[in-house]
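Enquirer: Sending over a structure as structure tokens; questions will come in a sec.
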Amino acid sequence: MEKTFWMRADDNTAIYVKKWYTDNEKPKAIVQLSHGMVEHINRYDAFAEYLLGQNIFVYGNDHRGHGNTGKEQGLLGYFAEEDGFAKTTEDLYMITNQIKSDHPATPVFLFGHSMGSFLARNYLQNYSREIDGIILSGTGYFPALQSHAGKLLANLLPPKEESKLMNALAFGKYNKKIKPKNTAFDWLSSDEKVIQTYMEDPHAGFIPTARFFYDLMDGLITMNDPKQNRSIRKNIPMLLISGDADPVGNYAKGIWKTAHLYEKSGLEKITTMLFSEGRHELLNESNKEEVYSAIYRWIRQNFKL
């Protein structure tokens with residue numbers, strides 16, 4: 122079963138939330154989803170239904186500036202006037218608290234994909250004791266100098282106007298290794314139907330505002346901060362999952378750098394999974410069932426569900 126509801130953040134922003142559940146069942150665990158940039162939570166329906174089949178309930182929201190939340194705000198691709206990334210991270214924590222209220226004493230895992238993984242990594246710096254494990258899909262490693270430069274540039278641009286310049290700088294090279302190229306979004310998945318559906322979706326693939334990119338760069342800087350990462354509890358299980366053809370993870374190099382970053386911060390339970398020829402959206406790849414199964418197996422093995 123599915124239900125949707127709205128939650129009100131501290132700054133009065135209405136956040137759209139979706140829950141997948143089975144009536145009159147006690148779940149073995151909960152997975153909280155944090156979706157990626159320029160997409161929305163309904164794109165995770167197949168994965169959520171798979172987890173539900175394993176008696177794992179799923180919650181997920183449309184982030185600020187995305188999907189129904191962005192539609193309610195009146196502007197896609199815009200988090201907030203200030204502290205947008207931090208506020209979007211706090212939205213995730215607000216939903217975690219709702220999950221715990223609905224299902225006390227049930228293990229909760231945070232799954233973040235791409236930008237959603239960056240939010241999850243910010244979340245981890247503050248709330249690692251509130252969840253039982255974290256799964257980072259399609260994440261990456263971004264040098265601080267690059268992020269600071271992007272932040273400075275974004276700050277010079279009109280904040281509420283879509284920024285083709287920042288969008289090109291962020292995504293411009295992601296398709297370069299794809300041959301032959303059919304669309305600008307081929308780097309997302311090798312499944313042509315997935316790409317076609319994505320391109321036809323009015324809530325996917327849009328161009329965000331300059332302020333969004335400013336906030337995104339701010340979030341990237343924060344998530345790599347060694348001091349803040351040292352505050353993460355050392356025994357939290359972490360799964361890094363990526364395709365070796367994913368440009369966001371720099372074709373696996375950025376995934377290993379990310380794992381090393383957390384090892385240096387003292388984390389003791391890091392698992393890394395790389396899928397051969399997998400592009401950015403592993404949950405939407407041609408072998409997605411294999412990916413689903415690998416994620417479930419990791420959850421089950423770590424927590425004896």
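Residue 122 is where the sequence shown starts when you use this note's numbering, and the numbers rise one by one after that. Positions of the beta carbon are idealized from the N, C-alpha and C atoms, including for glycine.
Please go through the same chain and pick out, in chain order, the residues whose beta-carbon is closer than 7 Å to the beta-carbon of ILE316, but skip the five residues on each side of it.
Expert: THR304, PHE306, ASP307, LEU309, SER310
Enquirer: When you compare the CB positions of TYR383 and ILE376, do they come within less than 8 Å of one another, or not?
Expert: no
Enquirer: If you draw a straight line from the alpha carbon of GLY205 to that of PHE333, how long is it in whole angstroms?
Expert: 8 Å
Enquirer: What's the call for PHE126, buried or exposed, on a 16-neighbour Cβ count within 10 Å?
Expert: Looking at its Cβ environment, which holds fewer than 16 other Cβ atoms inside 10 Å, PHE126 is exposed.
Enquirer: Tell me whether the beta-carbon of LEU360 lies closer than 8 Å to the beta-carbon of MET320.
Expert: With a cutoff of 8 Å on beta-carbon distance, LEU360 and MET320 are scored as not near each other.
Enquirer: Does the distance from the CB of GLY326 to the CB of VAL159 come in under 8 Å?
Expert: Note that the C-beta distance between GLY326 and VAL159 is below 8 Å.
Enquirer: Counting C-beta neighbours from all protein chains within 10 Å, is the total for ARG129 16 or more, i.e. buried, or is it exposed?
Expert: exposed
Enquirer: How would you write the range of the beta strand (DSSP E) that ILE256 sits in, first residue to last?
Expert: Looking at the DSSP string, the run of the beta strand (DSSP E) that includes ILE256 is 254 to 258.
Enquirer: Can you have a look at GLY254 and say buried or exposed, based on whether 16 or more other CB atoms are within 10 angstroms of its CB?
Expert: buried
Enquirer: So, at 6 Å on beta carbons, what are the nonlocal neighbours of HIS184 in its own chain, with the 5 sequence-adjacent residues on each side left out?
Expert: If we look at HIS184 and ignore the five residues flanking it on each side, its Cβ neighbours are THR209.
Enquirer: Considering only residues of the segment 219 to 281, which uninterrupted alpha helix (DSSP H) runs meet the minimum length of 4 residues and lie entirely inside it, listed in chain order?
Expert: 236 to 248, 265 to 276
Enquirer: Grab me the residues of THR217's own chain with a C-beta within less than 8 Å of its C-beta, minus the 5 sequence neighbours each way, in chain order.
Expert: GLN153, VAL229, LEU231, TYR248, GLU251, ILE252
Enquirer: Is any beta-carbon of chain D found at less than 8 Å from that of GLY198?
Expert: Considering every chain present, this structure includes no chain D. It has just one protein chain.
Enquirer: Which residues in the same chain have their Cβ closer than 6 Å to the Cβ of ARG338, if we skip the five residues on either side of it in sequence?
Expert: Just to set this straight, residue 338 is Met in the shown sequence, not Arg. SER268, GLY271, LYS272.
Enquirer: Would GLY370 pass as a contact of GLY259 if the rule is Cβ separation under 8 Å?
Expert: yes
Enquirer: Where does ARG400 land, buried or exposed, given buried means 16+ other C-beta within 10 angstroms?
Expert: Classification of ARG400: buried, given that the 10 Å Cβ count is 16 or more.
Enquirer: In whole angstroms, what separates the C-alpha of HIS234 from that of ASP322?
Expert: 19 Å
Enquirer: Spell out the partners DSSP gives GLN153 in its beta bridges.
Expert: TYR180, LEU231
Enquirer: Looking only at its own chain, which residues have a Cβ that is under 8 Å from the Cβ of LYS124, when we skip the five neighbours before and after it?
Expert: Within the same chain, LYS139, LYS140, TYR142 come within 8 Å of LYS124 by CB-CB distance, once the 5 residues on both sides are set aside.
Enquirer: Tell me the rounded alpha-carbon separation between MET287 and PHE263.
Expert: 16 Å
Enquirer: With distance defined between alpha-carbon atoms, name the residue in PHE200, LYS385, GLY261 nearest to ILE136.
Expert: PHE200
Enquirer: Where are the beta strand (DSSP E) runs, 3 residues long or more, that stay fully inside the segment 289 to 347, in chain order?
Expert: none
Enquirer: Is the beta carbon of PRO279 sitting closer than 8 Å to the one on ALA226?
Expert: No, these two residues do not count as a Cβ contact at 8 Å.
Enquirer: Within its chain, find whatever has a CB closer than 7 Å to the CB of ASP312; leave out the 5 residues flanking it on each side and keep chain order.
Expert: ASN405, GLU406, SER407
Enquirer: Does LEU286 come out as helix, strand or coil in the three-state DSSP assignment?
Expert: helix
Enquirer: Alpha carbon to alpha carbon, what distance is there between ASP166 and GLY195?
Expert: One C-alpha to the other measures close to 25 Å.
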